[in-house]
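Residues in the sequence shown are numbered from 1270 upward in steps of one, following my numbering.
Beta carbons: idealized from backbone N, C-alpha and C, even for Gly.
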Amino acid sequence: MVGPNDVDDESTGQRDDWQGDPEPATALVLTSRSELGAADACAHRLTAADPAEENVLVVTYTQLVDDVLDRWRDVSGAMPAAFGLISFAESTRSAARSPSTPTSLPGSNVTLTAMNDPGDLQGLGTAITLYLDDWADDGRRTVVCVDSLTPMLRERGTEQVFQFLHVLTGYVKRADACVHVHLDPTRHDDRTIKTLEPLFDDVCGSETDAGAERSSAADVERDVVRNPRRRYILAYLYDHENPVGLRALAAGVAATENDAEVDDLTSLECDRVYTALAASHLPQLQNAGLVEFDTDGKEVTLSPAARRNRRLRQYVEEFSE
C-alpha cells in the first residue's frame, strides 16, 4: 500500500518496490548479548511460518548443542527439516573429529561440526559451504546464523574478517539462502562496524542508543528513496562526476521521466523539475544524509555515506534498469 507521502504530485506513478521487498539475503545484527530479547530476536529471524519447510545452520562460539536446541524448541515449538550446528564450544567436550566434517547426532535430524580454532576462517568457510551444498537441491528455505563476529575479529582482525564475510555473503546469495551475523556494538569501535556494514543488505540495530540511532537512520533512508523522482536524482549523481549543477540535474531527471533526450525537452518540463528538486526533493535527501545541496552555488553532491552504501546503490541501479 502506497501512503500519501510515498509519491508526489509530479512523480511518474511507478510502483514503489522497497517496502515490499523480501527478507534481505544478508543482514548484520547489532545486538548486545546482555539484552534480554537478543535470543528471541535471533530465533525470529531463523524461524519461518513452517519450520518443517526450512534448513537452519547455527555457527556459535559459546553455546553447546543442547543449549541451542533447547532455545529453538522454546521459541518455535518444532524442529526444522534439517538443523546444522558449527560449534567451537562443543569441541572441548566432544570426541576427536576431523575439522569441518559434520557428524549426525543419534536419533535426530541434527548434525554437529566441532571446531577448535576461532581464527580458522578457511575451515569455517569450508564447514558452512558443506552444509549449503548438501541442502542446495532440497527445495527448502535455508537460513544461517553466525553468533558472533567478536571471536573472529579478536583472532584475525578487521581486514581478514572483511574478506571472509565478502566471500561468505556472496556464496550465500548464490545458494539462494539467507544469513544474519551478530555483532555486539558495545565491544567494537564505530570504525570496525562501519567497515563491515556495507557488506550486508541490511543492518539491524539493537535497542541500545547506538543501535536505535542506526535503525532510525535506515528508516529515514527508506522513506526518502521510496519516491521515484528522488531515486532518479541518486541515479544521476551516481553516474556523473560530482558536484553537479542543479540545472543539469533537473534536466537529467526530466529526461528520465519523459523518456527523452535532454535536447528534446521543453523549458517548461525542465523548469517544473528544477523547482520541485530545489524546494522539496533535495532538502529531503540532504536531511537524510544522502546528498549535499549548496543552495547558493546551486550545486549537488552525493554524500560520502551514500557513495559507500552498496545496498542503496544496488537498489537505485536495479530500479533504473
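For V1531, the CB contacts under 6 Å within the same chain, skipping 5 residues up- and downstream, are A1520, A1524 in chain order.
A direct Cα-Cα distance of roughly 27 Å separates F1357 from R1460.
Below 8 Å, too few C-beta pairs join the stretch 1408 to 1418 and the stretch 1375 to 1392 to call them touching: fewer than three.
Measuring C-alpha to C-alpha distances from R1576 to each of A1294, E1586, V1450 identifies E1586 as the nearest. H1449 is classed as buried because its beta carbon has at least 16 other beta carbons within 10 Å across all chains shown. By the Cβ criterion, the stretch 1432 to 1441 is not in contact with the stretch 1549 to 1560, since fewer than three pairs of Cβ atoms, one from each stretch, lie closer than 8 Å. Taking a 10 Å sphere around the C-beta of N1324, we find 16 or more other C-beta atoms and assign the residue as buried. DSSP places E1323 in the strand class (E or B) of the three-state scheme.
Residue environment analysis places N1578 among the buried positions, since at least 16 neighbouring C-beta atoms fall within 10 angstroms of its C-beta. When DSSP states are grouped into helix, strand and coil, E1538 belongs to the helix group. Check the Cα spacing between G1394 and each of Y1501, L1422, V1327, F1433: the tightest is with F1433. Of the candidates E1568, K1567, A1574, A1446, A1574 places its Cα closest to the Cα of L1559. A Cβ-Cβ contact shorter than 8 Å links L1297 with F1469. Looking from the CA of Q1553, the closest CA among T1535, E1510, D1508, L1503 belongs to L1503.
Q1332 sits buried, since 16 or more C-beta atoms from the chains shown fall within 10 Å of its C-beta.
Distance from the CA of R1495 to the CA of D1319, rounded to the nearest whole angstrom, comes to 31 Å. For L1581, the three-state secondary structure derived from DSSP is helix.
Each residue's CA atom was taken as its position, placing G1353 and Q1583 some 32 Å apart. DSSP places H1435 inside the alpha helix (DSSP H), whose first and last residues are 1419 to 1443. The distance from the Cβ of T1300 to that of D1453 is about 7 Å, consistent with a contact at the 8 Å cut-off. When C-alpha distances from A1396 are compared across T1427, G1426, V1569, V1413, the shortest belongs to V1413. Annotated three-state conformation of L1468 is helix, per DSSP.
In terms of CA proximity to L1518, T1570 leads the group T1535, D1528, T1570, P1467.
For R1423, the number of other beta carbons within 10 angstroms of its own is below 16, and it is reported as exposed.
Here the C-alpha atom of D1336 lies approximately 15 Å from the C-alpha atom of A1383. Secondary-structure assignment with DSSP links E1359 through no beta bridge to anything.
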